[in-house]
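Under this note's numbering, think of the first position of the sequence shown as 246, with each following residue one higher. Note that CB positions come from ideal geometry on N, CA and C, so glycine has one too. Values in this document were obtained by computation on a predicted structure and should not be read as measured data. Notes follow once the structure below has been shown.
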Amino acid sequence: MKTHKMHLKDPYFSYIKDGTKRIELRLFDDKRRRIDLGDLIEFSGSNDKSVQARVVGLLHYDSFVDLCKDFDIAILADKAATKDDLMATL
Numbered sequence: 246m247k248t249h250k251m252h253l254k255d256p257y258f259s260y261i262k263d264g265t266k267r268i269e270l271r272l273f274d275d276k277r278r279r280i281d282l283g284d285l286i287e288f289s290g291s292n293d294k295s296v297q298a299r300v301v302g303l304l305h306y307d308s309f310v311d312l313c314k315d316f317d318i319a320i321l322a323d324k325a326a327t328k329d330d331l332m333a334t335l
């Protein structure tokens, strides 16, 4: 099991910390290719706080648009957000 460090801007760090955001969206670059099931990700926010999450699944999509079609916004960000809001930040 490995621990990976990743930075998240607010409000997405807060969504992870509060448990409302349960899927993290990242490009499948060299850094993400090293992530395996069971690994830990230590997310750090802009306020020097951090939270750890265990990797329980890895999903591969051709685009963020395709991924957003399959999941409700409530687990991708926060139920108060819209998918258009999320797509604008990606």
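With which residues is His252 paired in a DSSP beta bridge? For the purposes of this step, residue 252 is taken as residue 7 along the sequence shown, with counting starting at 1. Note: His252 sits in a beta bridge opposite Ser289.
Buried or exposed: which applies to Ala322, given that a residue is buried once 16 or more other Cβ atoms fall within 10 Å of its Cβ? Reading the sequence shown from its first residue, position 77 is the one you call residue 322. Ala322 comes out buried.
Can you list, in chain order, the residues of its chain whose CB lies under 8 Å from that of Asp284, leaving out five sequence neighbours each side? As a working mapping, residue 284 is identified with position 39 in the sequence shown. Closer than 8 Å at the Cβ level, and outside the excluded window around Asp284, lie Met246, Lys247, Thr248, His249, Arg299 and Val300.
Quick check on Arg271: does DSSP put it in helix, strand or coil? Here residue 271 corresponds to residue number 26 of the sequence shown, with the count starting at 1. In the structure shown, Arg271 sits in coil (DSSP, three-state: anything other than H, G, I, E or B).
To the nearest angstrom, how far is it from the Cα of Ala289 to the Cα of Glu269? Here residue 289 is taken as the residue at index 44 of the sequence shown, counted from 1. Here residue 269 is taken as the residue at index 24 of the sequence shown, counted from 1. It is Ser, not Ala, that sits at residue 289 in the sequence shown. Separation of Ser289 and Glu269 (C-alpha to C-alpha, rounded to the nearest whole angstrom) is 13 Å.
Would you give the residue range spanned by the beta strand (DSSP E) that Ser295 belongs to? Here residue 295 refers to the residue found at position 50 of the sequence shown. Residues Ser295 to Arg299.
Answer yes or no: do Ile320 and Thr327 have a C-beta to C-beta separation smaller than 8 Å? Here the question's residue 320 lines up with position 75 in the sequence shown. Here the question's residue 327 lines up with position 82 in the sequence shown. Not closer than 8 Å, so no.
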